[in-house]
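The numbers in UniProt numbering rise by one with no breaks, and the one at position 133 of the sequence shown is 133. Beta carbons are placed, not taken as given, at the ideal position from N, Cα and C, and that holds for glycine. A short worksheet on the structure shown next.
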Amino acid sequence: MDVSNPIAIARLILPQVPLMFKTAVLHSLGIPHTSTKWDLKTELIVKTLRSLLDPSQPSPISKQQKASLHDPGIKGKMWISKTTFPAPEQDDVLKILNQAVEDLKEPSEKYTPTVMTAVEAEWTGYRANVDDHRQRPDLSERQHYAKLMSEVESDATMLYFHGGAMFTMDPCTHRAITSYLAHLTKGRVLSVRYRLAPQNPFPAALLDALIAYLSLLYPPPTESYSAQSFHAPVPAPHIVLAGDSSGGNICLSLVQLLLQINRSTTKSVSFHNHTINLPLPLPAACSTMSAWLDLTRSMPSIMTNACYDYLPPPISREEVSRFPSCKAWPTDPPRGDLYSDTSILCHPLVSPLIARDWTGSCPLWFSYGEEMLADEVQVLASKAAKQGVTVVSEQFEAMPHCFALVLLGSPMSKKTYQNWAAFCRDAVKGEQMRTRGLWIEARTGIEKEMDVRTLCRISDGEVRERMEAAKAARNLGIEGEGKLLPKL
């Protein structure tokens with residue numbers, strides 16, 4: 001939606017007015033059980049989002065993508081410097097990615113081969129001493145980067161991957177978030193414009209993430225490329241991976257990919273003019289908000305926590321055909337998932353929930369609500385903690401998916417960003433961290449300590465059984481309905 005167009009806003013909001021009025025009346029009477037946990041603003045936002053995301057009336061993928069990619073412009077308390085990392089001329093990076101995918105997959109699992117391309121990104125920093133309406137100066141991107149760096153006070157560099165279910169959103173939609181994190185960490189954020197599905201299925205986005213990470217460590221020489229690599233090499237201990245929702249998936253898939261590459265027998269990798277000796281250095285930490293870790297959407301909380309969330313319920317047999325035909329979807333041959341071939345949904349680089357081994361991982365930080373994806377986060381957090389990884393888990397009572405984004409400015413949102421930034425600062429400083437869990441009450445903000453290792457009692461066997469069953473149900477949808485999809 002064009003947020004600068006009042007007509008577009010009216011067309012979106014006006015049909016929701018009756019729902020908003022009804023919600024307000026019921027909330028004031030204390031009828032919904034959520035009224036004991038939520039204030040009226042939260043109730044209105046969640047119920048309205050739930051209506052807007054109603055899966056019974058889906059809009060075409062192309063239309064959703066276009067609406068989500070609208071650039072609101074750059075102004076106010078942020079420095080933005082747009083950059084491009086060229087694809088390396090050597091194919092070593094693509095080879096090690098493909099090898100990792102092959103090493104972790106089952107013979108029956110299939111995926112669409114990808115190619116390396118240039119990766120666009122935005123450097124984001126906080127711009128102090130201006131109001132929210134100050135326009136962006138008319139400077140070159142390199143000059144904007146210099147301005148950004150002039151206000152950076154710490155070594156913290158967040159490598160950020162936006163959410164959007166793998167097929168929507170962009171760094172431009174998350175500038176308010178990334179600039180705020182830059183402000184709180186006193187550092188900088190590199191927000192990656194990874195390739196979106198369904199046009200670019202797995203592992204395209206993960207390859208872009210790997211190239212962005214390597215480009216931070218080993219920036220390509222600008223004299224050799226028509227690219228704009230402004231930064232000096234960033235040491236791995238200064239980098240914190242970060243992302244929300246599907247961006248959290250990419251973060252943890254990237255950690256799992258780095259671990260798998262380092263377990264391989266490969267000795268070195270060529271990247272532009274660098275020969276990188278393995279093992280690859282891991283970042284200081286990985287931090288996620290409401291991470292989407294199971295693309296089969298098969299964990300119990302998908303149903304049990306739906307009352308606190310706005311996400312649509314999972315659809316099995318009809319998933320492949322619920323989007324109207326458009327230039328982006330369905331594919332030919334049809335897939336059962338926007339992001340990947342259905343057969344590979346249970347691959348650990350697609351759904352990191354199912355990854356067996358997190359030994360040697362960098363510290364992991366999770367913030368999430370009492371949402372539909374809560375079990376996914378808790379299963380992975382518990383498993384990693386049991387394997388000796390430092391894990392911080394912060395769950396907020398009765399909060400929906402990505403509440404810190406959709407309820408921006410609320411006490412819970414502010415606490416999330418403060419804790420997120422503190423974790424990043426401590427990780428980059430090399431502070432001693434301990435595994436810990438927190439449960440934060442909705443109304444009071446009171447924190448209760450939890451044992452991360454026992455957060456979720458779903459066994460690895462049950463996780464795999466649920467995910468495989470959900471994948472099989474999706475395959476039934478392909479076999480039963482795929483032949484009826486129109487070809488483009």
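What's the gap between the Cα of residue i and the Cα of residue j?
{"i": "L455", "j": "V377", "result": "10 Å"}
{"i": "V152", "j": "F161", "result": "21 Å"}
{"i": "Y339", "j": "L29", "result": "43 Å"}
{"i": "S325", "j": "A284", "result": "43 Å"}
{"i": "C402", "j": "D71", "result": "21 Å"}
{"i": "D138", "j": "L282", "result": "37 Å"}
{"i": "L278", "j": "K429", "result": "24 Å"}
{"i": "D426", "j": "A473", "result": "44 Å"}
{"i": "K41", "j": "V101", "result": "44 Å"}
{"i": "R263", "j": "I31", "result": "55 Å"}
{"i": "K105", "j": "V391", "result": "26 Å"}
{"i": "P220", "j": "R466", "result": "44 Å"}
{"i": "K267", "j": "I96", "result": "11 Å"}
{"i": "G437", "j": "A374", "result": "14 Å"}
{"i": "D460", "j": "I13", "result": "43 Å"}
{"i": "Q90", "j": "S270", "result": "7 Å"}
{"i": "P58", "j": "Q16", "result": "16 Å"}
{"i": "R46", "j": "G445", "result": "In the sequence as displayed, the identity of residue 46 is Val instead of Arg. Each residue's Cα considered, the two are about 20 Å apart."}
{"i": "M303", "j": "P55", "result": "15 Å"}
{"i": "R134", "j": "D103", "result": "51 Å"}
{"i": "P113", "j": "N475", "result": "20 Å"}
{"i": "F396", "j": "G163", "result": "19 Å"}
Looking at residue j and residue i, is the spacing between their C-beta atoms short of 9 Å?
{"i": "T157", "j": "V240", "result": "yes"}
{"i": "S245", "j": "M299", "result": "no"}
{"i": "P330", "j": "M433", "result": "no"}
{"i": "Y368", "j": "A291", "result": "yes"}
{"i": "C251", "j": "S287", "result": "yes"}
{"i": "L349", "j": "L293", "result": "no"}
{"i": "A204", "j": "Y218", "result": "no"}
{"i": "L190", "j": "A421", "result": "no"}
{"i": "D170", "j": "L49", "result": "no"}
{"i": "A121", "j": "V192", "result": "yes"}
{"i": "A67", "j": "L408", "result": "no"}
{"i": "C424", "j": "L181", "result": "yes"}
{"i": "residue 503", "j": "R188", "result": "In this structure the chain extends from 1 to 488, so residue 503 is not present and cannot be described."}
{"i": "E394", "j": "N305", "result": "no"}
{"i": "D341", "j": "F202", "result": "yes"}
Helix, strand or coil, according to DSSP, for residue i in the structure here?
{"i": "R188", "result": "strand"}
{"i": "D460", "result": "helix"}
{"i": "W329", "result": "coil"}
{"i": "R317", "result": "Any reading at R317 needs caution, since the residue's pLDDT is 46, under 50, leaving its predicted position unreliable; the model's value is listed next. Three-state DSSP puts R317 in coil, outside helix and strand."}
{"i": "G248", "result": "helix"}
{"i": "I446", "result": "coil"}
{"i": "K471", "result": "helix"}
{"i": "T173", "result": "helix"}
{"i": "T23", "result": "helix"}
{"i": "W123", "result": "strand"}
{"i": "E151", "result": "coil"}
{"i": "Y225", "result": "Bear in mind that a pLDDT of 48 at Y225, under 50, signals an unreliable position, so the number given afterwards is only what the model happens to contain. The answer is coil: DSSP assigns Y225 none of H, G, I, E or B."}
{"i": "K82", "result": "strand"}
{"i": "T178", "result": "helix"}
{"i": "I239", "result": "strand"}
{"i": "N305", "result": "coil"}
{"i": "Q395", "result": "strand"}
Return the chain-ordered list of same chain residues with a C-beta closer than 8 Å to the C-beta of residue i, the five sequence neighbours on each side being excluded.
{"i": "Q199", "result": "A328"}
{"i": "E141", "result": "S81, K82, T83, Q228 and F230"}
{"i": "H238", "result": "D155, A156, T157, A284 and V428"}
{"i": "A118", "result": "T84, F85, P86, A87 and A227"}
{"i": "S62", "result": "C326, K327, A328 and W329"}
{"i": "D92", "result": "V269, S270 and F271"}
Closer than 6 Å by C-beta to residue i: which residues in its own chain qualify, once you throw out the five before and the five after it? Chain order, please.
{"i": "K37", "result": "A398 and A442"}
{"i": "G248", "result": "T288 and A291"}
{"i": "A470", "result": "T296 and S298"}
{"i": "H272", "result": "P88 and P220"}
{"i": "W358", "result": "A384, Q387 and V389"}
Whole-angstrom Cβ separation of residue i and residue j, contact assumed at under 8 Å?
{"i": "S343", "j": "K110", "result": "5 Å"}
{"i": "residue 490", "j": "L210", "result": "Given a span of 1 to 488 for the chain in the structure shown, any question on residue 490 remains unanswerable."}
{"i": "F78", "j": "L94", "result": "Correcting the residue identity first, residue 78 is Met in this sequence and not Phe. Actually they are not in contact, since the Cβ atoms of M78 and L94 sit about 34 Å apart, beyond 8 Å."}
{"i": "Y213", "j": "L159", "result": "6 Å"}
{"i": "V379", "j": "I440", "result": "No, V379 and I440 are not in contact; Cβ-Cβ is about 20 Å, not under 8 Å."}
{"i": "L51", "j": "L19", "result": "Here the sequence assigns Ser to residue 51, which means Leu is not the residue at that position. That belief holds up - the Cβ atoms of S51 and L19 are roughly 6 Å apart, short of 8 Å."}
{"i": "L311", "j": "L53", "result": "7 Å"}
{"i": "V463", "j": "A381", "result": "Actually they do not touch by this definition, with Cβ atoms about 13 Å apart."}
{"i": "C307", "j": "T34", "result": "7 Å"}
Apart from the five residues just before and just after residue i, which ones in its own chain have a Cβ nearer than 7 Å to its Cβ?
{"i": "Q256", "result": "P348, L349, P352 and A355"}
{"i": "H144", "result": "W79, I80 and S81"}
Hey, would you say the C-beta of residue i is under 8 Å away from at least one heavy atom of the ligand MG?
{"i": "V392", "result": "Of the ligands one can find in the structure shown there are none, so the ligand MG has no counterpart to examine."}
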